[in-house]
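With full-length UniProt numbering, letter number 255 in the sequence shown gets 255, and the count goes up by one each step, no holes. Beta carbons: idealized from backbone N, C-alpha and C, even for Gly. Every value quoted in this text rests on a predicted model; they were computed, and no experiment measured them. Before any comments, here is the structure.
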Amino acid sequence: MMSYQEQVTGIASELEEILDLDDLEAKVYLNLLRAGPITASALAKELDIDRARMYRTVDKLVSRNIISTTLSSPKLCIAADPHDALKIALGKKEDEVNKIKKSGEAIIDKINNEITTNQSSTVPTFRVVQGRQNIYADIAQLIENSTGITYIATTLDDVSRMYHSTIPEKISICEKNGGKVRLLVDMNDPKLAPFVKRFNATETRIGKLPSKGRMVVQENKKMIMSDSAASSQNASADSDYSLCTNSSEMVDNIFTLCSFLWDSSKTLKTIDVKNFVKKTKR
């Protein structure tokens, strides 16, 4: 059973990604929801934070309409309703997407009209991507462009975070293009099966993974791998990193490994809860 503080920490971690907040901003928002109207000074004392830092954080959240302040003296801080905060975050992201689309189409036209490009090289490429948000964007793009089988082998914590990204939406696009996304997750508690199903992968299986890292591989195309320490529950979003490559040999090797793990795992729908619990206790 998770303690109250562990639950708050978990919610704060999800808020960081959904509302684009840092660790302190998420904690301030959650504590304001719990405590109700309170002064920034009192909140700083409660969270054991320097008052100057708290005032800066409050000003930043006020500018983003995540919290508001009263006209009284002293001023009281009031958290926005969670639904309103989500609408604000969605509106901001939609504006950013529209801006990128508009500016991107214009610059692509300039490149095509004014610059001669040569992208015919078949040399394998490697790159390291820093930041969970950037990694999830890469995974989403990989899945969207896939017309074959794509494996996602990762932890339950990672599935929980990916659920709040655009990845589930890209899975639907992949399936419309004739592709399949196979989710392989290491799950000790079968009661969490409904939670995993909502991710909406084409197929899902439960099995033991060779590590607590993240493996995403697109058949004959590309793979994205992350270290277990970087993708763990306690790691910050910024410290998460991944290796991305289109090396045919590496892609084929990881795809073969995922296929083997898939064949030796159990389908999520057919798990016998009692027998599953007995096996995991051995």
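Asked: Cβ pair A80, I66 closer than 9 Å; Found: yes
Asked: Paired residues, beta bridge with R182 - DSSP; Found: Y151, E203
Asked: With 16 other Cβ atoms within 10 Å as the buried cut-off, status of A26; Found: buried
Asked: Touch test, the region 52-70 against the region 93-102, Cβ-Cβ under 8 Å, three pairs minimum; Found: no
Asked: Enclosing alpha helix (DSSP H) for I167 [first to last residue]; Found: 167-176
Asked: Check whether I143 and I173 have beta carbons under 9 Å apart; Found: yes
Asked: Cα-Cα separation between V62 and K75, rounded to whole angstroms; Found: 12 Å
Asked: Residue environment, R282, which counts as buried when at least 16 other CB atoms sit within 10 Å; Found: With a pLDDT of 49 at R282, under the threshold of 50, the modelled position of this residue cannot be trusted; read the value that follows with caution. It is exposed - the Cβ of R282 has fewer than 16 other Cβ atoms within 10 Å.
Asked: Nearest-angstrom Cα separation, counted from M215 out to L243; Found: 10 Å
Asked: Residue environment, F255, which counts as buried when at least 16 other CB atoms sit within 10 Å; Found: buried
Asked: Beta-carbon proximity check, K241 vs S228, cutoff 9 Å; Found: Note that residue 241 is Tyr in the sequence shown, not Lys. In this structure, S228 does not lie closer than 9 Å to Y241 by Cβ.
Asked: Contact the region 168-183 vs the region 26-35: 3+ CB pairs below 8 Å; Found: no
Asked: Exposure of R198, with buried meaning 16 or more beta-carbon neighbours within 10 Å; Found: exposed
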